[in-house]
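Let me begin by presenting the structure, written as structure tokens, before commenting on it.
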């Protein structure tokens, strides 16, 4: 069942983002659905699944993107790992923490993408990018991710938090 | 029955017979006698009648309203259906217009093209690219130029069997060789942060001016010479720089891209014919400005 869900996510998340750009964009900024999915998986399930999904979703994103590099393929598993580790070391995953974490991870992702584009010699001005893309997208990602997490927690509230000691 | 009762009954029968048999004129005394009673009865009679009328009116109104409500609901449903039909028909008409324009363009340009539909946009906010529904199976390859009836749109950067990714000319990582139509100055056209394009490396002594048309030069980038890119809106002259650059407003509307043409073999053929873009003619003032040079 879980494998089926992951396969469906891989097949649907990025195509949805590509095709439904008009419906999901606010002020010209779209959420990074792949990042949201990877973070939610990391927070709710664990870092191993999040890394796997990060690789798959990042790869799919890069396949359909106009970028010349494979930034998402490298970035999304790292984000999944960070979300998973952060979640694993929590006794109670609160929504404010999830909101802050998603926001921070989205900012991190945006900053790395900016750097990658700058290295290609065509990066926009950092403050313009932060104001126009990074911050709005981070807000959008965080709100969407928390809403999704809340839904999932209501639907499947069987997350078993482990302390760092238990994990080790 | 006793005798007195019989007598009363007989009297009543005779009276009734008399009232029926007597001529109408003889009955007036009875009416005169009954007038006060009639007047007394008239008041409650009118009241009852008014009540009846009111009830009847309310009932009629209710029935009418009920009928109107049903009729209204039916009309609203019909209106909704007609609106939907209308929207679909308008959409089909618009699509037909666009496809007709593409076909017209395809018929006049002297190189093979493949028509494709735009199915999506870049999955990130960092690149300006589109996803089209044709790929390697239709003969597409990387670096092929993509255009619309309005002009150049971008070039293919990734191609798969059934879809391809087109990097738009408004993306900063894209570069196309351009030519100012009036002055014949060549430069590199690339995207800007504002979603426009800019032509760089124009000669410092160039007489380029605002409104001049910029076209593809055909030297590189998968485009033949002569495809419109846009017109110049601002010229940037900076001190201590060896070249001029100018901002271009693109001819194509990148927000509303729905169908595009992919130029499959641009360099084997000659230049474009005189006016292959009848839908977006150059404005007269700009054309004149270009011709006077």
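Protein chains in written order, with my numbering: chain A, 1 to 168; chain B, 1 to 293. C-beta: ideal position from N, C-alpha, C; glycine also.
Using a cut-off of 8 angstroms between C-beta atoms, extract the partners of residue i located in chain B.
i              : result
residue 133(A) : 125, 126
residue 29(A)  : 125
residue 76(A)  : Result: empty, since nearest Cβ-Cβ is about 11 angstroms, beyond 8 angstroms.
residue 14(A)  : 123
DSSP beta-bridge partners for residue i?
i              : result
residue 187(B) : 178(B)
residue 203(B) : 243(B)
residue 309(B) : For chain B, the structure presents residues 1 to 293; residue 309(B) sits outside this window and is missing.
residue 261(B) : 115(B), 147(B)
residue 121(B) : 130(B)
residue 248(B) : 197(B), 232(B)
residue 29(A)  : 26(A)
Compare the C-beta of residue i with all C-beta atoms of chain C and state if any pair is closer than 8 angstroms.
i             : result
residue 61(A) : Here the protein chains are A and B, and chain C is not one of them.
Let me make sure I understand the geometry here. Which of the options has the alpha-carbon closest to that of residue i?
i              : options                        : result
residue 56(A)  : 37(A), 107(A), 87(A), 142(A)   : 37(A)
residue 148(A) : 120(A), 99(A), 127(A)          : 99(A)
residue 173(B) : 50(A), 66(A), 153(A), 24(A)    : 66(A)
residue 242(B) : 209(B), 222(B), 187(B)         : 187(B)
residue 149(B) : 6(B), 168(B), 251(B), 121(B)   : 251(B)
residue 233(B) : 199(B), 218(B), 239(B), 70(B)  : 199(B)
residue 193(B) : 126(A), 141(A), 74(A), 143(A)  : 126(A)
residue 165(B) : 136(B), 189(B), 10(B)          : 136(B)
residue 91(A)  : 44(A), 20(A), 59(A)            : 44(A)
residue 95(A)  : 144(A), 60(A), 58(A), 62(A)    : 144(A)
residue 248(B) : 255(B), 256(B), 240(B), 236(B) : 236(B)
residue 110(A) : 101(A), 119(A), 129(A), 93(A)  : 129(A)
residue 215(B) : 56(B), 181(B), 254(B)          : 181(B)
residue 10(A)  : 23(A), 60(A), 25(A)            : 60(A)
residue 105(A) : 6(A), 86(A), 120(A)            : 86(A)
residue 230(B) : 244(B), 53(B), 210(B)          : 210(B)
Span of the alpha helix (DSSP H) holding residue i?
i              : result
residue 147(B) : Taken as a continuous stretch (DSSP letters only), residue 147(B) belongs to no alpha helix (DSSP H), being part of the beta strand (DSSP E) at 145 to 148.
residue 96(A)  : 95 to 119
residue 41(A)  : 33 to 44
residue 131(B) : Unbroken run through residue 131(B) is the beta strand (DSSP E), 129 to 132; no alpha helix (DSSP H).
residue 49(A)  : 47 to 64
residue 196(B) : Counting along the chain, residue 196(B) falls outside any alpha helix (DSSP H), and DSSP gives it neither H nor E.
residue 148(A) : 135 to 155
residue 15(A)  : 2 to 19
residue 256(B) : Premise fails: residue 256(B) is in no alpha helix (DSSP H) and is neither H nor E.
residue 127(A) : 126 to 129
residue 87(A)  : 71 to 88
Please compile the residues from chain B whose C-beta is within a distance smaller than 9 angstroms of the C-beta of residue i.
i              : result
residue 19(A)  : 119, 120, 121, 131
residue 113(A) : 124, 125, 126
residue 32(A)  : 123, 124, 125
Please report the residue range of the beta strand (DSSP E) in which residue i lies.
i              : result
residue 154(B) : 151 to 159
residue 167(B) : 164 to 168
residue 230(B) : 228 to 236
Residues of chain A with CB closer than 7 angstroms to the CB of residue i, please, in chain order.
i              : result
residue 170(B) : Under the 7 angstroms cutoff, chain A gives no residues; its nearest Cβ is about 11 angstroms from residue 170(B).
residue 262(B) : Under the 7 angstroms cutoff, chain A gives no residues; its nearest Cβ is about 15 angstroms from residue 262(B).
residue 216(B) : Those do not exist, as residue 216(B) stays about 19 angstroms from chain A at its closest Cβ, beyond 7 angstroms.
residue 167(B) : 66
Since residue i meets chain B, which of its residues come closer than 7 angstroms, beta carbon to beta carbon?
i              : result
residue 137(A) : 125
Could you work out which residues of chain A lie near residue i, taking near to mean beta carbons separated by less than 8 angstroms?
i              : result
residue 157(B) : 66, 68
Identify the contact partners of residue i in chain A, using a Cβ-Cβ distance below 9 angstroms as the criterion.
i              : result
residue 193(B) : 124, 125, 128, 129, 132
(message) Would the region 22 to 30 of chain A count as touching the region 134 to 142 of chain A if we require 3 or more Cβ pairs under 8 angstroms?
(response) Taking a cut-off of 8 angstroms on C-beta distances, the region 22 to 30 of chain A touches the region 134 to 142 of chain A, as three or more cross pairs fall below it.
(message) Taking 8 angstroms as the cut-off, does the region 143 to 154 of chain B touch the region 247 to 263 of chain B (at least 3 CB pairs, one atom from each stretch)?
(response) Contact annotation: the region 247 to 263 of chain B touches the region 143 to 154 of chain B, with at least three C-beta pairs closer than 8 angstroms.
(request) Inspect the CB distances between the region 130 to 147 of chain B and the region 204 to 212 of chain B and report whether three or more fall short of 8 angstroms. (result) Too few Cβ pairs lie closer than 8 angstroms, so no.
(message) With a threshold of 8 angstroms, are at least 3 pairs of Cβ atoms found where one atom belongs to the region 220 to 230 of chain B and the other to the region 126 to 140 of chain B?
(response) Taking a cut-off of 8 angstroms on C-beta distances, the region 220 to 230 of chain B does not touch the region 126 to 140 of chain B, as fewer than three cross pairs fall below it.
(message) For the pair the region 99 to 118 of chain B and the region 107 to 115 of chain A, tell me if three or more CB-CB distances fall below 8 angstroms.
(response) No, the region 99 to 118 of chain B does not touch the region 107 to 115 of chain A.
(message) Assess contact between the region 79 to 95 of chain B and the region 111 to 125 of chain B, defined as three or more Cβ pairs (one per stretch) separated by less than 8 angstroms. Is contact present?
(response) Counting Cβ pairs under 8 angstroms, fewer than three are found: no touch.
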